[in-house]
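Below is one structure; the comments refer to it alone.
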Amino acid sequence: MTTKIEDEEVPLLCSDCFVDEGLKIDAMHSGLEQDGPCPNCKSTSGRKLTKALINGVAWRFFVGGTTIRCKYGAAPVIQFNEHRYGRSDISPSPWLKNDIKLIEEAAKIGFFHYGPRLWMVGEVEPLKDLQDPATRPNIIELILKEYPERSLSQDEAFYRMRVCPERPDDPAEYDSPPIHLAGKGRLDAPGFPVMYGSQDIDVCVHECRATAEDDLYVATLKPLRTLRLLDLTHVLKEDVTEFESLDMAIHMLFLARSHSYDISRSISIAARDAGFDGIIYPSFFSLIRTGGHPFETTYGLSLRRYHPEAEEYAKAFTIPNFALFGRPIEAGSVRVECMNRLVLTQVGYRAHFGPVTY
Ligand SMILES: [Zn+2]
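Using our numbering, read the sequence shown as starting at 2 and increasing by one per residue.
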């Protein structure tokens with residue numbers, strides 16, 4: 002007698018079953034090395050796929066592979082589930098048609114055009130209020146009230162990177178840029194310089210948009226007194242839907258591109274005026290660094306909110322960055338403990354595939 006669990010370990014397809022090159026390669030990466038012929042195509046050299054692995058391949062290719070970023074938020078064009086089995090409505094490229102049939106039959110799923118729930122594409126009330134200069138101050142006041150303070154103590158080191166500094170051995174090179182250069186970044190504003198740093202060196206490399214050709218230097222910094230930081234990476238516990246969620250608004254704000262900087266700069270200035278030394282914020286590169294997918298959902302519910310371990314889930318995909326107000330080295334609140342040259346020997350990319358038509 003076979004149990005249900007054993008059934009789920011039975012291989013149903015293999016990487017050689019597929020015609021689409023992207024599906025083949027994904028199945029090669031995620032499939033199991035197992036002896037014996039594939040029950041579908043009889044190949045003995047392909048990597049075998051169980052039902053769970055087929056679901057993974059399908060999710061990466063059709064959901065992850067059709068996800069489109071919006072001004073705020075992101076949503077997939079295609080979704081699949083068991084309820085749509087036998088009722089797929091997507092129109093793929095000719096070479097994908099049979100691959101899709103195989104997946105649908107093996108995993109008993111159907112693919113369909115997904116009308117995203119509107120919060121996923123930025124219809125989040127506090128986020129809309131932040132975009133309107135008239136209502137922005139109310140939401141910023143709420144942010145200062147709801148988000149916790151975190152202190153950075155004198156023994157907590159962090160890093161700051163410089164690309165081609167003029168005098169790499171001069172500690173002052175690692176301070177915030179001079180006042181007349183401030184105002185180009187996410188949290189600095191004209192006349193208001195900010196020092197960006199991180200406890201993750203890889204994120205520093207990303208945030209600097211550094212390439213293997215750049216001459217890179219990194220300073221190890223430590224506070225000279227305990228610094229008070231507003232922690233915007235904290236996952237708020239809220240009793241509201243995604244449409245009203247301040248947590249979702251902040252999450253989307255820091256994953257948005259430069260059109261959002263007016264808002265983040267206003268938060269920064271308000272935090273300074275409230276007496277904070279800086280902000281901890283989620284890195285724009287969090288998702289690339291951790292391999293997360295923006296705004297993952299199950300049946301349109303945000304996993305960030307409804308995952309059984311929502312807080313751990315969100316934290317696993319969030320990399321905190323520091324923004325310290327003013328010029329902290331000059332002001333004597335931060336000191337340079339060490340300076341190093343950083344030599345990039347490998348810049349890694351990981352990718353997955355998606356369809357071109359649907
Ligand atoms: Zn096969």
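Here a beta-carbon is modelled for each residue, glycine too, at the ideal position from N, C-alpha and C.
Model, not experiment: these values are computed from the prediction.
Which listed residue (the options) has its alpha carbon closest to that of residue i
i	options	result
Trp-60	Ile-79, Leu-50, Ala-75, Lys-72	Ile-79
Val-344	Ile-202, Val-236, Leu-231, Ala-213	Ala-213
Ile-281	Thr-45, Ala-275, Ser-269	Ser-269
Arg-161	Trp-120, Asp-90, Arg-328	Arg-328
Thr-51	Arg-85, Ala-107, Ile-91, Thr-242	Ala-107
Pro-12	Val-122, Met-249, Leu-182, Ala-53	Ala-53
Ala-272	Arg-342, Leu-33, Asp-189	Asp-189
Secondary structure of residue i, DSSP reduced to three states
i	result
Cys-67	The identity of residue 67 in the sequence shown is Thr, whereas the question assumes Cys. In this structure, Thr-67 counts as helix in the three-state DSSP scheme.
Phe-62	helix
Pro-77	strand
Phe-113	strand
Arg-151	strand
Phe-244	helix
Tyr-282	strand
Tyr-359	coil
Tyr-175	helix
Thr-3	Since pLDDT at Thr-3 reaches only 46, below the 50 mark, its modelled position is unreliable, and no value is offered.
Arg-85	helix
Glu-10	coil
Lys-52	helix
Glu-157	coil
heavy atom of ligand 1 below 8 Å from residue i C-beta
i	result
Asn-99	no
Asp-170	no
Asn-41	yes
Asp-17	yes
Ser-44	yes
Gly-37	no
Leu-14	yes
Gly-47	yes
Enclosing beta strand (DSSP E) for residue i [first to last residue]
i	result
Tyr-262	Tyr-262 -> not in any beta strand (DSSP E); alpha helix (DSSP H) instead, spanning 262-274.
Leu-237	Counting along the chain, Leu-237 falls outside any beta strand (DSSP E), and DSSP gives it neither H nor E.
Leu-256	Per DSSP, Leu-256 belongs to no beta strand (DSSP E); it is in the alpha helix (DSSP H), 247-256.
Ala-108	Per DSSP, Ala-108 belongs to no beta strand (DSSP E); it is in the alpha helix (DSSP H), 98-108.
Ser-199	195-199
Ala-220	217-224
Residue i - containing alpha helix (DSSP H), residue span
i	result
Asn-41	Note, Asn-41: premise wrong, no alpha helix (DSSP H); not H, not E.
Ser-31	22-31
Val-367	Look at the range of the chain in this structure, 2 to 359, and you will see that residue 367 is not part of it.
Gln-132	126-132
Glu-331	329-332
Min CB distance residue i to chain C below 9 Å
i	result
Ile-104	Of the chains in the structure shown, none is chain C; there is only one protein chain.
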